[in-house]
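Below is one structure; the comments refer to it alone.
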Ligand SMILES: Cc1cc2nc3c(=O)[nH]c(=O)nc-3n(C[C@H](O)[C@H](O)[C@H](O)COP(=O)(O)OP(=O)(O)OC[C@H]3O[C@@H](n4cnc5c(N)ncnc54)[C@H](O)[C@@H]3O)c2cc1C
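Structure representation (structure tokens):
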């Protein structure tokens, strides 16, 4: 993008090289086997990418939403599911600790998360509370110097691998009385429940977490008891922008595959690219990608300049993954039978992208956020 600074251009180049050399060659294998690319994760730590938004004092890069989205976009081009795990670690776990934890908690947890020695996760969703996240029922009760936590979490990215889980709980009966704890994997009473098998994002482990009288020191409470709704809502904006960044990468990969195939594949004695209906799909794909890039990166720049908006983050999240699902379908169409086959990565890209219409808030929840606010603002005084 013309408005990237030199540091952002360098980051983009580094991530592009890493994605092509480390993620793309094994993306299909990890998807088929539902395995996590731990080697790539460790190398991301060596490259300083695992604390992209964290303070350099703790080993982070001290960068913002633009840099984080560049990483998602470049990695998403090669392997969206490894990128989702990266997002859960850096944006859902590390960025939340960076933004909300005490200096002591940051000093204890961030260095190992940022070096890649530890893997992070964030646990908000429960089996009966997904879109209605504020209704969660996992309970934390104070018991002397500890809290006792009971409940289950569902759909948690990196669950079975996670050493540190940024976990939302209920600490009172009032709807908004939620509190966050940093949970370590060997906490007594905490365990990994079961892995969840999915349509896409299969190189990103997803699972259930179980808390049965889990004993957590009160030192692991983040901020004050009962004040977590604010943390939760604040981080959702960057989560929504960066997850849409993965979709931008998927869309670019679809277009590149289509351009190559439309030149190589001949029917009726001509390359596919000569047929106007194929040209229309390619031209619309390229136009949508340009619009998405300008939209997402200008929202990122605004975010980094302190001009943050819940509605615009929801618009990025609603608009981009939905457009990219259409792009994935058109890319499959352009490739005909080959597009439908598992020999090419296009069907994987479609399966992976669909998650981005669900995770971090569904399309319908984004519609609610955007429409409610606009209607409120337009209400006659
Ligand atoms: C692969 C994967 C990874 C995930 N990773 C994490 C993670 O790391 N941490 C975490 O905490 N969570 C995670 N999630 C959970 C994710 O955020 C939820 O799945 C999502 O918020 C939707 O919740 P739900 O699945 O319970 O669907 P529901 O809330 O039950 O929604 C079902 C359908 O009803 C619609 N709906 C719900 N309410 C309304 C309404 N008021 N009006 C109109 N339509 C409505 C929804 O849009 C959806 O279409 C992950 C999910 C997946 C699939």
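In my numbering, the protein residues as written are -13 to 367.
By construction, the Cβ of each residue, glycine as well, lies at the ideal position given by its N, Cα and C atoms.
Going by DSSP, what residue range makes up the beta strand (DSSP E) through residue i?
i: residue 198; result: 192 to 203
i: residue 87; result: Taken as a continuous stretch (DSSP letters only), residue 87 belongs to no beta strand (DSSP E), as it is neither H nor E.
i: residue 155; result: 150 to 156
i: residue 328; result: Residue 328 -> no beta strand (DSSP E), and no H or E assigned at all.
i: residue 126; result: 125 to 129
Do residue i and residue j have their CB atoms nearer than 8 Å?
i: residue 37; j: residue 76; result: yes
i: residue 271; j: residue 66; result: no
i: residue 306; j: residue 352; result: no
i: residue 108; j: residue 79; result: yes
i: residue 9; j: residue 26; result: yes
i: residue 215; j: residue 142; result: no
i: residue 195; j: residue 167; result: no
i: residue 58; j: residue 232; result: yes
i: residue 199; j: residue 175; result: yes
i: residue 147; j: residue 22; result: yes
Within the continuous alpha helix (DSSP H) that includes residue i, where are the two ends?
i: residue 68; result: 66 to 73
i: residue 309; result: 296 to 320
i: residue 368; result: Given that the chain is displayed from residue -13 to residue 367, the structure contains no residue 368 and the question cannot be resolved.
i: residue 357; result: 349 to 364
i: residue 338; result: 332 to 341
i: residue 115; result: Segment: none, residue 115 is in no alpha helix (DSSP H) and carries neither H nor E.
Based on Cα-Cα distance, which residue from the options lies nearest to residue i?
i: residue 63; options: 4, 78, 91; result: 4
i: residue 144; options: 71, 201, 136, 90; result: 71
i: residue 189; options: 240, 196, 15; result: 15
i: residue 344; options: 186, 281, 214; result: 186
i: residue 360; options: 301, 340, 348, 312; result: 301
i: residue 329; options: 158, 17, -13; result: 17
i: residue 236; options: 263, 299, 224, 339; result: 339
Who does residue i pair with in a DSSP beta bridge?
i: residue 26; result: According to DSSP, which records beta bridges pairwise, residue 26 is partnered with nothing at all.
i: residue 253; result: 256
i: residue 143; result: 192
i: residue 109; result: 153
i: residue 96; result: Note: residue 96 sits in no beta bridge, so no partner.
i: residue 213; result: 164
i: residue 176; result: 197
i: residue 56; result: Answer by DSSP bridge pairing: none, since residue 56 is not bridged.
i: residue 169; result: 151
i: residue 206; result: According to DSSP, residue 206 bridges with nothing at all.
Going by other Cβ atoms of all chains shown within 10 Å of its Cβ, with 16 needed for buried, is residue i buried or exposed?
i: residue 309; result: buried
i: residue 191; result: buried
i: residue 69; result: buried
i: residue 183; result: exposed
i: residue 11; result: exposed
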